[in-house]
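So the sequences go chain by chain: P and G. Just so you know, we're using the working numbering here: the first sequence kicks off at -12 and counts up by one. Just so you know, we're using the working numbering here: the second sequence kicks off at 703 and counts up by one.
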Amino acid sequence: GAGVSQSPSNKVTEKGKDVELRCDPISGHTALYWYRQSLGQGLEFLIYFQGNSAPDKSGLPSDRFSAERTGGSVSTLTIQRTQQEDSAVYLCASSLAGSGSGTDTQYFGPGTRLTVL
Amino acid sequence: GENVEQHPSTLSVQEGDSAVIKCTYSDSASNYFPWYKQELGKGPQLIIDIRSNVGEKKDQRIAVTLNKTAKHFSLHITETQPEDSAVYFCAAWMNKFYFGSGTKLNVKP
Chain P
-12 GAGVSQSPSN KVTEKGKDVE LRCDPISGHT ALYWYRQSLG QGLEFLIYFQ GNSAPDKSGL
48 PSDRFSAERT GGSVSTLTIQ RTQQEDSAVY LCASSLAGSG SGTDTQYFGP GTRLTVL
Chain G
703 GENVEQHPST LSVQEGDSAV IKCTYSDSAS NYFPWYKQEL GKGPQLIIDI RSNVGEKKDQ
763 RIAVTLNKTA KHFSLHITET QPEDSAVYFC AAWMNKFYFG SGTKLNVKP
């Protein structure tokens, strides 16, 4: 079966432009997570969706970052007025239930590499 | 919030040797500790996990140990093979996942 997919795989943009990153979770997975991975660093939690609602947005670095999820499936992460420090790999993961216990296996997508010039 | 520290940042071993990666966490309420393997250009993949009510778990050449008192957990890979070369991340669950900074493992043939 299909895993988590993300698009685009690579995105180069100019400082100040807006970008949209897309995540298609595994079909039937209710929980969806966005992470940011800077070069040589671990994963930084950004936001968590349970269905279409986002009970935890605490990781979003600034109000330039927003995310939505529609139909309990596809999610988009939007970064407005991009800055050079936004350059990173943005990873999406989904899990079956996401009850909040964290014990459901997270399946990660391949990520979107964002470069802000 | 939780703080997870991971050591070493890089590890080079000879094929067939064992590799050990260690993580510490700060919040004693954390109750779930997965380990992920990330190959170049791919997303992390779960390789083994352990819950706080268990001290050790083994899956073929991979094992994880948890010391709740000391608040540390370790990944053990025995009989390493070149295909084990990757970046390994530990994580702790405390309302969300907190990740270590990663260990780049190089297995030399």
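C-beta atoms are modelled at their ideal positions from N, C-alpha and C, and glycine is treated no differently.
Name the DSSP beta bridge partners of residue i, please?
| i | result |
| --- | --- |
| Ser(-6)(P) | Arg9(P) |
| Gln716(G) | Lys810(G) |
| Ser81(P) | Leu19(P) and Tyr94(P) |
| Lys724(G) | His709(G) and Ser776(G) |
| Arg56(P) | Ser62(P) |
| Asp761(G) | Ile764(G) |
I need the DSSP call for residue i, collapsed to helix, strand or coil.
| i | result |
| --- | --- |
| Gln67(P) | coil |
| Asp751(G) | strand |
| Asp786(G) | helix |
| Glu781(G) | coil |
| Asp729(G) | coil |
| Asp73(P) | helix |
| Ala(-11)(P) | coil |
| Val756(G) | coil |
In the DSSP assignment, find the unbroken beta strand (DSSP E) run with residue i in it and report its ends.
| i | result |
| --- | --- |
| Ser40(P) | Ser40 to Asp43 |
| Pro736(G) | Tyr734 to Gln740 |
| Asn769(G) | Ile764 to Asn769 |
| Leu30(P) | Leu30 to Gln37 |
| Leu101(P) | Thr99 to Val103 |
Count the other CB atoms, across all protein chains shown, that sit within 10 Å of the CB of residue i; report buried if there are 16 or more and exposed otherwise.
| i | result |
| --- | --- |
| Asp50(P) | exposed |
| Arg763(G) | exposed |
| Ser81(P) | buried |
| Leu78(P) | buried |
| Gln740(G) | buried |
| Val706(G) | buried |
| Pro12(P) | buried |
| Leu807(G) | buried |
| Pro48(P) | exposed |
| Ala794(G) | buried |
| Gly29(P) | buried |
Within 8 Å, do at least three Cβ pairs link the region 93 to 104 of chain P to the region 721 to 733 of chain G? The region 721 to 733 of chain G, when compared against the region 93 to 104 of chain P, does not touch it at the 8 Å Cβ threshold.
Below 8 Å, can you find three or more Cβ-Cβ pairs linking the region 771 to 779 of chain G to the region 78 to 85 of chain P? no
Contact between the region -2 to 5 of chain P and the region 19 to 33 of chain P (3+ Cβ pairs under 8 Å): no
Is it the case that the region -11 to 2 of chain P contacts the region 56 to 74 of chain P, given that we only count it when at least three CB pairs across the two stretches are under 8 Å? Yes: at least three Cβ pairs fall under 8 Å.
Examine the Cβ distances between the region 715 to 728 of chain G and the region 27 to 36 of chain P and report whether three or more of them are shorter than 8 Å. no
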